[in-house]
Amino acid sequence: MQGTGQETPQAAYAPTDRTVPTRAAQRAAYDRETVHAILDAGYLCHLGFVRDGAPVVLPTLYGRVGERLYVHGSTGSRPLRMTGTADPGLPVCLTVTHVDGLVLARSAFHHSINYRSVVVHGVAHEVTDPEERRTALDAVVDQVVPGRSADSRPANRKELAATAVIRLDLDEVSAKIRTGGVNDEPEDLALPYWAGVVPVHTAYGTPLADADLAPDTGLPAYLAHPAGEAEALN
């Protein structure tokens, strides 16, 4: 949802043992502007938790509202069910990553990617308040396509009963970013191998209308963008 106007300038997130990288610590960032920008540019996260003593990581959609992230799913979903029964909640690790470029070096060792990522550690809690649940569900929809929640039928009572929502506060958080080019060894610069960066971009195709679309239903303004312009939906 890219925030809600509730935000005010705040100090950076405090680094912790879990949010300070053991490698390339200079790429880490803790300021809220950077963290929020990375979160707002995406909508797919990976949610990690421990189930029966073993780690589990699931891909899912999320929405940001100020200093909180919301994740939704079926009430039958194992992690969402566990969040509702755990006391005081379910310890989780949530990650979001964007790939911006493939860094091809002369040596195999120095191949890399340019990326932006956020890692959030914390305790997830089930959202039971009806108003907060609706806010959270709207946020998840708008995170994917801004403005979409106001242009679709809200969930009815039956659908809400089948949907679980969990909340994760942005407290123990870090961003990590790699930019730039190849970091080859000086002695490898004369090798006859191509080196450089292949940019990676998200692109959207032309929207395809549903076959059963009601007559005279036009393309919404938020989708009326040239194919390939990722910025129109981010």
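Numbered per the numbering used here, the sequence shown spans residues 3 to 236. Glycine included, C-beta positions come from ideal geometry on N, C-alpha and C.
For VAL22 against ALA30, the beta-carbon gap comes to about 7 Å, under 8 Å, which counts as contact. The C-alpha of ALA216 is placed about 47 Å away from the C-alpha of TYR32. Looking at the DSSP output, ARG150 bridges to nothing.
Looking only at TRP196, PHE51 and VAL199, the smallest Cα-Cα distance to PRO61 is reached by PHE51. Rounded to whole angstroms, the Cβ separation of SER119 and ALA177 is 7 Å, and the two are in contact under 8 Å. Residue state for ASP140 is assigned as helix, using DSSP reduced to three classes. Annotation: GLY68 to ARG34 spans about 10 Å, alpha carbon to alpha carbon. At the C-beta level, ARG66 and ASP171 stay beyond 9 Å of one another.
Under the DSSP assignment, ASP42 falls in the alpha helix (DSSP H) whose first and last residues are 34 to 42. Burial is judged here by how many other beta carbons sit within 10 angstroms of a residue's own beta carbon; VAL143 has at least 16 and is buried. GLU69 sits in coil when the DSSP states are folded into three classes, being neither helix nor strand. DSSP places ALA213 in no beta strand (DSSP E); its state is neither H nor E. Counted as a single uninterrupted DSSP element, the beta strand (DSSP E) harbouring ARG180 occupies residues 174 to 180. By the C-beta criterion, the region 172 to 192 is judged to be in contact with the region 107 to 118, since at least 3 inter-stretch pairs fall below 8 Å. If you look at ALA26, you'll find it isn't in any alpha helix (DSSP H); DSSP assigns it neither H nor E. Per DSSP, LEU193 lies in no alpha helix (DSSP H) and is assigned neither H nor E. Note that the C-beta distance between ARG169 and TYR45 is not below 9 Å. Exposed is the label assigned to ASP19, since fewer than 16 other Cβ atoms lie within 10 Å of its Cβ.
Around the C-beta of GLU161, fewer than 16 other C-beta atoms lie within 10 Å, and the residue is accordingly described as exposed. Bridge pairing for ARG118: HIS100 and ILE179 [DSSP].
In the three-state DSSP reduction, PRO90 falls in the coil class, being neither helix nor strand. Here DSSP, grouped into helix, strand and coil, assigns ALA56 to strand.
For ARG169, there is no enclosing alpha helix (DSSP H); the residue is found in the beta strand (DSSP E) stretching over 165 to 171.
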